[in-house]
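In my numbering, the protein residues as written are 217 to 337. Structure first, then comments.
This is the structure we're talking about:
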């Protein structure tokens, strides 16, 4: 192959300062892009900024779901506490009535059955 200029290299570059500087910048840029691509691949990002945004969005969705589950658990616990308080109120009223009517033996029997009922659950 014949070159138009004896100083031109096989890739078509001319040794003039302007072209040489442009080629060096192009080489540096391509090496930099390759290095960034390797780092992104090593980090598992793959898509760059778009992938990071999608990851952040999915993390926010997961956090919102966890908060909703915690709120549901708290509501269930509050409901269970209210039920237990109602049961306790019924047992207390029954103990008071038994004490007014029959004395200590009836109270102790009622109290024992109340404790048994709570331990059973």
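By construction, the Cβ of each residue, glycine as well, lies at the ideal position given by its N, Cα and C atoms.
Output needed for residue i: all residues of its chain with C-beta closer than 7 Å, excluding positions within five of it in sequence on either side, in chain order.
| i | result |
| --- | --- |
| residue 208 | Examination of residue 208 is not possible in this model, given that the chain is present from 217 through 337 alone. |
| residue 309 | none |
Given residue i, which residues of its chain have a CB within under 6 Å of its CB, disregarding the five upstream and five downstream residues?
| i | result |
| --- | --- |
| residue 317 | none |
| residue 276 | none |
Sorted by chain position, which residues of the same chain lie with C-beta nearer than 8 Å to residue i's C-beta, five sequence neighbours on each side aside?
| i | result |
| --- | --- |
| residue 288 | none |
What three-state label does DSSP hand residue i in the structure shown?
| i | result |
| --- | --- |
| residue 336 | With a pLDDT of 46 at residue 336, under the threshold of 50, the modelled position of that residue is not reliable, and the figure given next carries that caveat. DSSP places residue 336 in helix when its eight states are reduced to three. |
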